[in-house]
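Quick notes on the structure that follows.
In the working numbering, the protein residues as written are 1 to 366.
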């Protein structure tokens, strides 16, 4: 194994999320942080979440839980692995199981939970009650990712009144791009649904839920300014994510043995049936860490499987043991690319060897 140069080690140490970016200015990012509330607790959480993994510090309990309220999705987006996931892995979380998870999360002072992972959370008929239950249980931050296609005016009102802290909508590109890859959703309809959510939130005099819109990079890099302007006065934040591939070709790419994934020191990913996976990349459960129906989350977090996983990353042998890591793009050698935003150049990460969803002939249907 090639020795990692010092400067590369240093860059890695200060790098947080290689594939994500925002178009917000520093002052806007600061204000967004303030609007999230619980400033003191949030700062402590960010230290644990960002810096504990850098020093291989295992906290008493994960600072964040990904709770899969639904692994099913009504859409078939070409860049999402859920589209190709086996039907046996698709289901809806039982409310009693959810309450059990929240009970232990509260006991160990979890800062945040996200009510989504592989699927669309609005397919769970109990999603509003789940938000309400978590907030009433004093979870500081309750969030979710959504494609927005199932959002209705009544649901927008309900999640606002239930106390949802933030929601991120996956909206890739303008109408032409979006309608191609996000079928059966339509761009204008999704735009109006999110606009209604913003209007209702503001009418109620609330700051939350904070609204984030996120696109894959290739869908907007030719018209980033226009994309941002569409969401002016609607979204509180516009982000982008580097194109990722979640199919078998990723396994053949150049994976970096020196990469140290922060996930084993940050968070826990619980599927709809209570099974704890290695991470959110482990769609197929290649490495099962435990089962909430049979074990406590605390015991799983401090158990032998998480311990081994952390050791493998420290020893740089994780690729020899963790099959899910072979299908992850976070450890794929990447490079920087420049995009032009309002006449200014901005550096973004792209993964070497990843075929972009957007190409000159349309959109890859991988």
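Even glycine gets a Cβ: it sits at the ideal position worked out from N, Cα and C. Because the structure is a prediction, the values reported are computed rather than measured.
Scanning 294, 270 and 261 for the CA closest to the CA of residue 329 turns up 261.
Burial check for residue 130: the Cβ neighbour count within 10 Å reaches 16 or more, so the residue is buried. Taking the C-beta atoms as reference points, residue 108 is found no nearer than 8 Å to residue 147. At a cut-off of 3 residues, the continuous stretches assigned as beta strand (DSSP E) that sit fully inside the region 163–245 are 166–170, 210–216 and 237–241. DSSP places residue 317 outside both helix and strand once states are collapsed to three, so it counts as coil. Counted as a single uninterrupted DSSP element, the stretch harbouring residue 56 is not any alpha helix (DSSP H), since DSSP gives it neither H nor E.
A residue is called buried once 16 or more other Cβ atoms fall within 10 Å of its Cβ, and residue 302, having fewer, is exposed. Using a Cβ distance threshold of 8 Å, residue 162 and residue 128 count as a contacting pair. Within the same chain, Cβ atoms closer than 8 Å to the Cβ of residue 322 are found at 278, 286, 287, 309 and 312, the five residues on either side in sequence being excluded. Around the beta-carbon of residue 221, 16 or more other beta-carbon atoms lie within 10 Å, marking it buried. Take the alpha-carbon of residue 31 and the one of residue 237: they are about 11 Å apart. Closest by C-alpha distance to residue 139, out of 179, 75 and 64, is 64. Measuring C-alpha to C-alpha distances from residue 203 to each of 254, 157 and 174 identifies 157 as the nearest.
Counting along the chain, residue 29 sits inside the alpha helix (DSSP H) bounded by residues 26–35. Pairing residue 173 with residue 219 gives a Cβ-Cβ distance under 8 Å. Put simply, of 43, 195, 50 and 103 the residue whose alpha carbon is nearest the alpha carbon of residue 264 is 50.
Annotated three-state conformation of residue 304 is helix, per DSSP.
In the three-state reduction of the DSSP assignment, residue 290 falls in the strand class. When C-alpha distances from residue 21 are compared across 332, 212, 320 and 117, the shortest belongs to 212. Measuring C-alpha to C-alpha distances from residue 115 to each of 280, 314, 233 and 325 identifies 280 as the nearest.
Of the candidates 52, 141 and 258, 141 places its Cα closest to the Cα of residue 39.
Our two residues, residue 207 and residue 200, have alpha carbons roughly 11 Å apart in a direct line. Separation of residue 58 and residue 90 (C-alpha to C-alpha, rounded to the nearest whole angstrom) is 31 Å. 325 is the residue among 67, 317, 274 and 325 whose C-alpha sits nearest the C-alpha of residue 253. Counting along the chain, the unbroken alpha helix (DSSP H) around residue 39 starts and ends at 39–46. According to DSSP, residue 267 shares a beta bridge with 64. Exposed is the label assigned to residue 304, since fewer than 16 other Cβ atoms lie within 10 Å of its Cβ. Residue 87 and residue 292 have their C-alpha atoms some 22 Å from each other.
Residue 331 is a Cβ neighbour of residue 259, given a cutoff of 8 Å. The closest CA to that of residue 62, considering only 153, 52 and 175, is found on 52. By the Cβ criterion, the region 265–274 is in contact with the region 68–82, since at least three pairs of Cβ atoms, one from each stretch, lie closer than 8 Å. Listed in chain order, the non-local C-beta contacts of residue 24 below 7 Å within the same chain comprise 32 and 237, local neighbours out to five positions each way being set aside. With 16 or more other Cβ atoms inside 10 Å of its own Cβ, residue 240 counts as buried.
Between the C-alpha atoms of residue 122 and residue 144 there is a straight-line separation of about 10 Å.
Counting along the chain, residue 97 sits inside the alpha helix (DSSP H) bounded by residues 95–107. Distance from the CA of residue 134 to the CA of residue 233, rounded to the nearest whole angstrom, comes to 29 Å.
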